[in-house]
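Colleague:
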Amino acid sequence: MQDTLAHLKRGEKGIITDVSSIHIPLKLLEMGCLPGNPVQLVQLAPFQDPMYLNINGTHLAIRKETASHILIEKIANE
Amino acid sequence: MSKQINVALIGNPNTGKTSVFNALTGLNQKVGNYPGITVEKKEGICKLPRGIKAHIIDLPGTYSLNASSLDENVVIELLLNKNDKDFPDVAVVVSDVENLKRNLLLFTQIKDLEIPTLLVINMADRMSYKGISLNIDYLEKHLETKIALISTRKNEGIENLKNLITNFKELPVTPCIDASKIDKDYFDNLRKAFPNQLLYKLWLVITQDVNFGKTDRNEIEAVANFKTKSKGDLKRLQQKETIKRYQFINNVLKKGQTIDITQAKDLRTKLDRILTHKIWGYIIFFIILLVIFQAIYDWSSVPMDFIDNVFASLSEWVKNMLPNGAFTNLLAEGIIPGLGGIIIFIPQIAFLFLFIAVLEESGYMSRVVFLMDRVMRRFGLSGKSVVPLISGTACAIPAIMATRNIENWKERLITILVTPFTTCSARLPVYLIIISLVIPEGHIFILSYQALTLMLLYLIGFGSAVSSAYILNKILKIKSKTFFVVEMPNYKLPMFKNVALTVIEKTKSFVFGAGKIILAISIVLWFLASYGPGEQFNNAETIVKLEYASQNIDEEDLQQKIASHKLEYSFIGLTGRAIEPVIRPLGYDWKIGIALISSFAAREVFVGTLATIYSVGSDEEETIKNRMASEINPILGGPLFTFASGISLLLFYAFAMQCMSTLAIVKKETNSWKWPILQLVIMTVFAYIVALIAFQFLK
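Just so you know, the sequences run in chain order A and B.
Each residue of the first sequence is one higher than the last, beginning at 137 in our numbering.
Each residue of the second sequence is one higher than the last, beginning at 286 in our numbering.
(1) Would residue 586 of chain B pass as a contact of residue 634 of chain B if the rule is Cβ separation under 8 Å?
(2) Helix, strand or coil: how does DSSP classify residue 482 of chain B here?
(3) Out of A:155, A:181, A:202, which one is the CA nearest neighbour of residue 523 of chain B?
(4) Taking the continuous beta strand (DSSP E) assigned at residue 325 of chain B, which residues delimit it?
(5) When you compare only the Cα positions, how much space is there between residue 584 of chain B and residue 574 of chain B?
(6) In chain order, which continuous runs of the alpha helix (DSSP H) of length 4 or greater are located wholly inside the segment 727-774 of chain B?
(7) List the residues of chain A that residue 390 of chain B touches, going by C-beta distances under 7 Å, in chain order.
(8) At what residue ranges does the segment 520-560 of chain B contain a whole run of the beta strand (DSSP E), taking only runs of 3 or more?
(9) How about residue 331 of chain B and residue 342 of chain B: are their beta carbons less than 8 Å apart?
(10) Going along the chain, which residues of its own chain have a beta-carbon closer than 6 Å to the beta-carbon of residue 298 of chain B, five neighbours each way excluded?
(11) At which residues does the beta strand (DSSP E) containing residue 187 of chain A begin and terminate?
(12) DSSP three-state label for residue 872 of chain B, please.
(13) Within this structure, are the beta carbons of residue 775 of chain B and residue 553 of chain B separated by less than 8 Å?
(14) Which residue marks the beginning of the beta strand (DSSP E) containing residue 1023 of chain B, and which one marks its end?
(15) According to a CB-to-CB cut-off of less than 8 Å, which residues of the segment 167-178 of chain A neighbour chain B?
(16) For residue 181 of chain A, return the contacting residues in chain B, with the cut-off set at a CB-CB distance below 8 Å.
(17) Along the chain, which unbroken stretches of the alpha helix (DSSP H) at least 4 residues long are found entirely within the segment 347-408 of chain B?
(18) At least one CB of chain A closer than 8 Å to the CB of residue 527 of chain B: is that the case?
(19) Rounding to the nearest angstrom, what Cα-Cα distance links residue 240 of chain B and residue 442 of chain B in this structure?
(20) Could you check what DSSP says for residue 200 of chain A in three-state terms: helix, strand or coil?
(21) So, under 8 Å CB-CB, residue 687 of chain B and residue 671 of chain B are touching, yes? Tell me the CB distance rounded to an integer number of Å.
(22) How would you write the range of the beta strand (DSSP E) that residue 796 of chain B sits in, first residue to last?
(23) Just mark residue 652 of chain B as buried or exposed, buried being the case when its beta carbon has 16 or more other beta carbons within 10 Å.
(24) So, residue 939 of chain B versus residue 745 of chain B, is the Cβ gap smaller than 8 Å?
(25) Please confirm whether residue 208 of chain A has its beta-carbon closer than 8 Å to some beta-carbon of chain B.
(26) Run down chain B in chain order and give the residues with a C-beta less than 7 Å from the C-beta of residue 163 of chain A.
(27) Around the C-beta of residue 760 of chain B, are 16 or more other C-beta atoms found within 10 angstroms, so that it is buried, or is it exposed?
(28) Consider the Cβ of residue 520 of chain B: report whether some Cβ of chain A lies at a distance smaller than 8 Å.
(29) Beta-carbon of residue 524 of chain B versus every beta-carbon of chain A: anything under 8 Å?
(30) Among B:606, B:448, B:676, which residue has its Cα nearest to the Cα of residue 309 of chain B?
(31) Short of 7 Å in beta carbon distance, which residues of its chain neighbour residue 747 of chain B, apart from the five on each side in sequence? Order them along the chain.
(32) Answer with yes or no whether the minimum CB distance from residue 197 of chain A to chain B is below 8 Å.
(33) Could you give the uninterrupted runs of the beta strand (DSSP E) lying entirely in the segment 639-698 of chain B, keeping only those of 3 residues or more?
(34) Within 10 angstroms of its Cβ, does residue 157 of chain A collect 16 or more other Cβ (buried), or is it exposed?
(35) Does the segment 201-210 of chain A come into contact with the segment 789-806 of chain B, if we say contact requires no fewer than three beta-carbon pairs (one atom in each stretch) closer than 8 Å?
(36) Compare the C-beta of residue 193 of chain A with all C-beta atoms of chain B and state if any pair is closer than 8 Å.
Structure representation (structure tokens):
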């Protein structure tokens, strides 16, 4: 199974690979959530939701539900 | 060259757009509404070099020209309508040096509308701190614009910006991107159908969400030889467009911007580690709330007592200086106490808006949204509901307008419905005066009993908002997609100028908005209390004198008896006594009844009303509080404001829906009478029952 944003753990990084799901609001894409852009999980709220992310330099929070539609490829922390 | 030029400030949220607006206009600004909708319209005047004047509009913050809310739609409506009197001669896009890439998305869209566009890069003072350097010449060349690198915090670059605005005619109007490339056939078709229109403008009109605005899409769909596309297809094209724009931006920034990460200092991570921590985060939030309430109650009591005394002696002074007569009485008993009832709340309202402005400006509010989302969702709310619920402590009206950025309709509706439970600043005066009458003074640790009671009332308000949300969430059957996107901006030290302007503006709108109603009601009440129909009122003097003829009472007592007899049979007295049977079980007399009724115009009228009613017929110089304390319960004897009736009143005000302006806003925002009427009935009935139970138990 392919990794999604929802699989990231705190501090982990990935590269966004696909955002074609209709459950992803356009606003998120406009804020830089696009294929090829790096993403890092900065912080999780209690109960692991919402997720505080750094996508391509933009810091934002989204719910886990939305995150589970964004496909990524994890990259190892250097 | 006396022509005035129109300038529109456009930008993403959190770019310091409003700081730029403040820097350009200073105090020459006013806040109104866009016609027909409740979106705030900020405009101001700025003097430019060579005697030119600029009319500047601060448009609502938006991430793109694809509107997802009413506020964002305002931006598009203006930019698409060349005939609008505010249509900009020049668009000034404000960006933040740390988020240049994201900010440029909006910039490229506006450029494609072929409007002269200027780019402001704000927060330049943070460049070295973040290891950023820019090649301005390169950027200007490839973005085909002029760039003003400024720092509103350090007040640098503003003059240069003014110069660039003045010379707006030199700005190129070439588009950045050829959007038609995302689907050649479709756009060719579009061009054929509307040969005289700007293609990108058509595209924006077609893709705007149907729910918003008056942009006439039907006109386009009505053209026979033009094939429309399904919603899903359009969305895919919008995605494609966004990706294309970012490709362009990335290419430009690759050479125009360098970031040396090793130079960057990261305050955000350190602060977030504490402020969004799963335990510390909540504790800090709670402490901040505690400080706010302590400030509102304790710190503002000094100026408030002072104002109260000033108005009491002013009334007395007017009475002594002016000749006796109806006008003097109207002034001393109607207008001055009424004005006092407005001015006295300025310290508290200023404090409240001060805190809200600081929390917003610093970037902390987004952290609260993040922390609270999961908790709030359990009650059918969103983390973003926290902002309306907190600003509801100022006033439900802006709070209900602030629900607009909640993307999910069900969560938004519930937030709108429960927000009026939060303790707004109009309840505050009622609470304050009753608390000071019935709650004993004294301290536990450093917190006074009275401050704790106030805090408790705020918690009750918040608690009932949340629990009714929980119930509504179970009852309402509305399906809507959940999505939730909130930007987590950098922490910033709030700028004094911005905070001060917000506080001044909000306080002013309270004094003149609510103040007008309060003053008008005070005057009406004075008339109703000073005149009455029939024998009992007109011959009060004879009747009372007859009644007490056999007894030996002194002149002063007699005058007092006459005055209260008159009041009882005045128009207001008759009305009050008509409703007395309904409110007596709650521990109120008819005078409080009058205050309750007039509170439906605005809650804060309560204190002013009582002040007016009690001051009619009393000659002594008295503060509102002392007058209330000396009222006697006509049936039970003893003071009218006891612990039991006081608590009952507090609870009634905590729950009842007593604000016509809020109902009007709810109607506007939900587009139906159903919701405001439900709110009115349910909240008020509930308030009555709770107040009844409280009084019967405590008496």
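Cβ coordinates follow ideal geometry from the N, Cα and C atoms, glycine included.
Modeller: To lay it out plainly:
(1) no
(2) coil
(3) A:155
(4) 325-332
(5) 15 Å
(6) 734-760
(7) 166
(8) 542-544
(9) no
(10) 346
(11) 187-191
(12) coil
(13) yes
(14) Absent from the model: residue 1023 of chain B. The displayed extent of chain B is 286 to 984, so no value can be given.
(15) 167, 168, 170, 171, 178
(16) 561, 563, 655, 656, 658, 659
(17) 355-365, 385-397
(18) yes
(19) In this structure chain B extends from 286 to 984, so residue 240 of chain B is not present and cannot be described.
(20) helix
(21) In fact, because the Cβ distance is near 10 Å, the residues do not count as touching under 8 Å.
(22) Neither: residue 796 of chain B is in no beta strand (DSSP E) and is coded neither H nor E.
(23) buried
(24) yes
(25) no
(26) 348, 353, 770
(27) exposed
(28) yes
(29) yes
(30) B:448
(31) 674, 707
(32) yes
(33) none
(34) exposed
(35) no
(36) yes
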